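The structure appears below as structure tokens.
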Ligand code: HEC
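Residue numbers (this note's numbering): 2 to 131.
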């Protein structure tokens with residue numbers, strides 16, 4: 002393949018997966034493929050496609066995004082007030098016990114109790130596979 006024709010996005014993806022692989026050796030980074038299976042618990046209410054809001058807001062680009070900022074989604078007052086940036090740490094805490102982390106939010110979901118399931122899920126949301 003002629004390298005000059007690799008789109009910039011693909012190169013970036015390559016760098017991101019290298020960074021991910023590096024993190025995997027340092028701490029137990031998640032496995033996006035396993036995370037996709039965990040994500041099945043979310044699909045009734047969420048879509049990974051941009052702009053697709055269901056019962057919950059689109060989760061496109063959720064890792065690194067500020068909380069309650071999806072256009073056109075009617076967030077609860079509790080979620081609007083949370084003022085979080087969704088990084089692996091805040092997502093991990095929220096997804097363990099959504100109601101404990103943000104009392105009064107409207108996500109009617111018990112949480113993902115297993116730490117490894119959450120790590121895999123967050124890895125998937127960072128780099129969704131089809
Ligand atoms: C029963 C429906 C439902 C399920 C299942 C569900 N969610 Fe949600 N989720 C919501 C709703 C509704 C909100 C908005 C809550 C609010 O405004 O208080 C939300 C909000 C969120 C947010 C904050 C989004 C933002 O833009 O700030 C994240 C992150 C999230 N959900 C992740 C997940 C993940 C990951 C799963 C699966 C493990 C999941 N949710 C399962 C309904 C659901």
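Note that CB positions come from ideal geometry on N, CA and C, so glycine has one too. These numbers were taken from a predicted model, which means no experiment stands behind them.
Out of curiosity, what's the CA-to-CA distance linking residue i and residue j?
{"i": "residue 110", "j": "residue 59", "result": "16 Å"}
{"i": "residue 34", "j": "residue 126", "result": "10 Å"}
{"i": "residue 44", "j": "residue 38", "result": "10 Å"}
{"i": "residue 54", "j": "residue 47", "result": "7 Å"}
{"i": "residue 123", "j": "residue 92", "result": "7 Å"}
{"i": "residue 101", "j": "residue 95", "result": "8 Å"}
{"i": "residue 120", "j": "residue 74", "result": "26 Å"}
{"i": "residue 104", "j": "residue 97", "result": "13 Å"}
{"i": "residue 32", "j": "residue 85", "result": "24 Å"}
{"i": "residue 41", "j": "residue 67", "result": "23 Å"}
{"i": "residue 50", "j": "residue 87", "result": "17 Å"}
From the DSSP secondary-structure annotation, give me the bridge partner or partners of residue i.
{"i": "residue 86", "result": "67"}
Within the continuous alpha helix (DSSP H) that includes residue i, where are the two ends?
{"i": "residue 36", "result": "33-40"}
{"i": "residue 119", "result": "116-127"}
{"i": "residue 99", "result": "99-102"}
Is it buried or exposed, residue i, if we count other Cβ atoms within 10 angstroms and call 16 or more buried?
{"i": "residue 56", "result": "exposed"}
{"i": "residue 52", "result": "exposed"}
{"i": "residue 69", "result": "buried"}
{"i": "residue 30", "result": "buried"}
{"i": "residue 99", "result": "buried"}
{"i": "residue 65", "result": "exposed"}
Inset, instruction - Indicate whether the contact test is met: 3 or more Cβ pairs, each with one atom in the region 72-82 and one in the region 110-120, closer than 8 Å. - result: No, the region 72-82 is not in contact with the region 110-120.
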